[in-house]
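Under this note's numbering, the residues of the sequence shown are numbered 389 to 737, in order. Glycine included, C-beta positions come from ideal geometry on N, C-alpha and C. Below: the structure, in structure tokens.
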Amino acid sequence: MTVTVKKYLSDLASVRQWAQANELPAYRVNQIQHWLCQTQIQSIDEMTDLPKPLRRQLVEAFEFWSTRIVRHQTSPDGTEKLLVQLDTGGSVECVLLRDGIRRTICVSSQVGCAMGCVFCASGLDGVERSLTDYEIVEQFLRLQRLLPAGERISHVVMMGMGEPLANLANVLSALELASSPAGLGISPRRITISTVGLPPGILKLAEVSHPYNLAISLHAANDELRNRLVPVNNKIGIASIMEAAEEYFRATGRRLTFEYVLLAEINDQPQHAEELVELLGRRGAMLNVIPYNPVAGLPYKTPAPQAIREFRKILLDGQVNVQFRERKGDQIDAACGQLRRTLNVATFE
Numbered sequence: 389m390t391v392t393v394k395k396y397l398s399d400l401a402s403v404r405q406w407a408q409a410n411e412l413p414a415y416r417v418n419q420i421q422h423w424l425c426q427t428q429i430q431s432i433d434e435m436t437d438l439p440k441p442l443r444r445q446l447v448e449a450f451e452f453w454s455t456r457i458v459r460h461q462t463s464p465d466g467t468e469k470l471l472v473q474l475d476t477g478g479s480v481e482c483v484l485l486r487d488g489i490r491r492t493i494c495v496s497s498q499v500g501c502a503m504g505c506v507f508c509a510s511g512l513d514g515v516e517r518s519l520t521d522y523e524i525v526e527q528f529l530r531l532q533r534l535l536p537a538g539e540r541i542s543h544v545v546m547m548g549m550g551e552p553l554a555n556l557a558n559v560l561s562a563l564e565l566a567s568s569p570a571g572l573g574i575s576p577r578r579i580t581i582s583t584v585g586l587p588p589g590i591l592k593l594a595e596v597s598h599p600y601n602l603a604i605s606l607h608a609a610n611d612e613l614r615n616r617l618v619p620v621n622n623k624i625g626i627a628s629i630m631e632a633a634e635e636y637f638r639a640t641g642r643r644l645t646f647e648y649v650l651l652a653e654i655n656d657q658p659q660h661a662e663e664l665v666e667l668l669g670r671r672g673a674m675l676n677v678i679p680y681n682p683v684a685g686l687p688y689k690t691p692a693p694q695a696i697r698e699f700r701k702i703l704l705d706g707q708v709n710v711q712f713r714e715r716k717g718d719q720i721d722a723a724c725g726q727l728r729r730t731l732n733v734a735t736f737e
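Below, the structure is given as structure tokens:
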């Protein structure tokens, strides 16, 4: 029995191989890439500058999407979230955030997550698999199509479900298309890769020529607390993470960013802020503090406004470069993994 392996138009490597096998000129692949990345079309038939016989060949050889949107939510603040079902199994979430003229997308790299952060919805069921490069690319394309004509994605954040450095090859392949002028044309300096802090992956990323931003999800400035919040830290330690991060800075010249999810009465006390001052105050790094977005079934809460104000004051007095993130999308389960756990994908089949 012969099993036909599906091919998808977003898998541009397969498109190039097919074009070469069919002796098509290289500019035909460029046309296909243009239609995918820089227009709002949803089918091969809409690629009007391709000859009809070629379009028929493409329809026979490729499917336009490998993914299917099973839920689309919109928040009053303009945030939009997609739950996307993957043809090869599983589902992931991706988000479009609007802030002034910025159009930022937050994209997943794995189905689930193996890092085990205790407050995160993404990893509650563990990790199923890593995404292919074209499955990551399709999240870019799906979110781009939520924007009206004339608007483009300005920033990409690999901060959705999964650990990007655990799927680095496919993440970098997808980001190559995102940053290519012939792709989405997003400056590498507006692309951020977020990691829980895997030193080998950070060092590998330092070897890449693209100056992507690196954001390390810290959540605690001492190993005892971080071991509780981020169990993978038991095998790593903050010192190793900081050493690898410094190497990334030396290699790329890009200022380091650290993420800190603020959990009520757990890591939001004055002593925790003082530890951050000691760890980051002299490094010139940026600290993003994110008040917790509650997840149903987990015991963690958003800190009280007074606790947030005191935390902020200690950091500023300690000359830490800090910004407190505005929470967006609360009404649409915006924390990564929430929508996926809330909905049974089979309901939409």
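Checklist entry - Are the beta-carbon atoms belonging to Val708 and Leu664 less than 9 Å from one another? => result yes
Checklist entry - If you follow the alpha helix (DSSP H) that Leu593 is part of, which residue opens it and which one closes it? => result 587-594
Next on the checklist: Using C-beta distances below 8 Å, list every residue in its chain close to Asp433, excluding the 5 sequence neighbours before and after it, in chain order.
Outcome noted: Arg443, Val447
Checklist entry - Is it the case that the Cβ atoms of Glu526 and Ser479 are separated by a distance below 9 Å? => result no
Checklist entry - How big is the Cα-Cα spacing for Met549 and Tyr636? => result 23 Å
Next on the checklist: Quick check on the DSSP output: the alpha helix (DSSP H) that includes Ile524 runs from which residue to which?
Outcome noted: 521-532
Next on the checklist: In the DSSP assignment, the alpha helix (DSSP H) including Tyr636 goes from what residue to what residue?
Outcome noted: 626-640
Checklist entry - Measuring CB to CB, does Arg642 end up less than 9 Å from Arg577? => result yes
Checklist entry - What do you get for Glu612, buried or exposed, if any count of 16 or more other CB atoms within 10 angstroms of its CB means buried? => result exposed
Checklist entry - Can you tell me whether DSSP reads Phe450 as helix, strand or coil? => result coil
Item to check | Residue closest to Val506, alpha-carbon to alpha-carbon, out of Glu634, Asn621, Asn601, Glu714 | outcome: Asn621
Checklist entry - In terms of residues, what are the limits of the beta strand (DSSP E) holding Gln498? => result 498-500
Checklist entry - Just checking my contact of Asp513 with Lys394 at CB under 8 Å: how many whole Å lie between their CB atoms? => result Wrong, their Cβ atoms sit about 26 Å apart, outside the cutoff.
Next on the checklist: Just to confirm before moving on: does the CB-CB distance between Thr467 and Val544 stay below 9 Å?
Outcome noted: no
Item to check | Close beta carbons around Ala608, own chain, < 6 Å, minus the five adjacent residues each side | outcome: Arg614, Leu617, Asn655
Next on the checklist: With H, G and I counted as helix, E and B as strand and the rest as coil, what does DSSP make of Ile489?
Outcome noted: coil
Item to check | With 16 other Cβ atoms within 10 Å as the buried cut-off, status of Gln469 | outcome: One point to set straight first is that residue 469 is Lys, not Gln, in the sequence displayed. Lys469 is buried by the Cβ-count criterion.
Checklist entry - Where are the alpha helix (DSSP H) runs, 4 residues long or more, that stay fully inside the segment 398-473, in chain order? => result 400-409, 414-426, 440-449
Checklist entry - Taking just the CA atoms, how far does Pro682 sit from Met674? => result 24 Å
Checklist entry - Considering only residues of the same chain and omitting the five flanking positions on each side of Glu647, which have a CB-CB separation below 6 Å? => result Ala603, Ser605, Asn676
Checklist entry - According to DSSP, what are the bridge partners of Phe507? => result DSSP output for Phe507 lists no bridge partner at all.
Item to check | Same chain, Cβ closer than 6 Å to Ala734, neighbours up to 5 away in sequence not counted | outcome: Since pLDDT at Ala734 reaches only 31, below the 50 mark, its modelled position is unreliable, and the value read off the structure follows with that caveat. The answer is none, since no qualifying residue turns up.
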